[in-house]
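Counted from 1, the sequence shown has number 1613 at position 168 by the numbering used here; the numbering is strictly sequential. To keep things clear, I will list the structure first and then write my remarks on it.
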Amino acid sequence: TCLLYNDPRRFGFMDITSSENIASYPKFLNLGPEPLSDHFDFKQLLKALAARKGPIKPILLDQKLVAGIGNIYACEALFRARLSPRRSAFRISERTARYLVQAIKDVLRDAIEAGGSTLRNYQDPSGKMGYFQANFAVYGRDGLSCPNCSCFTGIKKITQSGRSTFFCSKYQK
């Protein structure tokens, strides 16, 4: 048996435990719900955001809120939900939370179907590169026109919590 683990960005980890211990495994205890599960819905999201005064985008990256949303997918989901990454989390309405949850699920499903996003060197286990990056609406497109409103201001890039955020200030409110 040969097992290869390549994590150049060092976001992951590898450990060995029995399947019986997964639910109580320390690294998983504080993770939020899986975003494609039924446990992640607008009610759960609103509850988690109620006391959070910071901007929504960095909060979506908090794995304690919801597990598995990375920077790219947070930017793309906020765009699909027409939600500014600067919006205060506690100001998200029920209606907006419904749109955001659906956008998160749609972006993740689309990315999975496309094999993920290859920006540098990502490959799936069979060695194929993902191609979701061909569908990016905002991520990495700073200075280009918005695909929905074609505004003159275009896609902007800002830094939030040390991460690049891409958005259209006209389309996303």
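Idealized CB from N, CA, C, for every residue including glycine.
Extent of the continuous alpha helix (DSSP H) run through residue i
i	result
Cys-1520	1516-1525
Arg-1540	1539-1558
Pro-1503	1501-1505
Ala-1493	1487-1494
Phe-1535	Run containing Phe-1535: none; DSSP gives neither H nor E here.
Leu-1474	1471-1474
Which residues DSSP lists as bridging residue i, in chain order
i	result
Arg-1608	Gln-1605
Ile-1600	Cys-1613
Residue-chain proximity (residue i, chain E), Cβ-Cβ < 8 Å
i	result
Arg-1455	Included in the structure is just one protein chain, with no chain E present.
Proximity of residue i and residue j at Cβ, strictly below 8 Å
i	j	result
Leu-1528	Ile-1501	yes
Thr-1541	Ala-1526	yes
Phe-1581	Ala-1559	no
Ile-1537	Leu-1506	no
Lys-1601	Ser-1590	no
Val-1546	Phe-1473	no
Tyr-1584	Ile-1517	yes
Ser-1533	Lys-1498	yes
Thr-1563	Gly-1572	no
Phe-1612	Phe-1524	yes
Ile-1514	Ile-1557	no
Thr-1598	Pro-1530	no
Anticipated Cβ contact below 8 Å, residue i with residue j, distance rounded
i	j	result
Pro-1480	Ser-1606	Going by Cβ atoms, the distance from Pro-1480 to Ser-1606 rounds to 19 Å, so no, they are not a contact pair.
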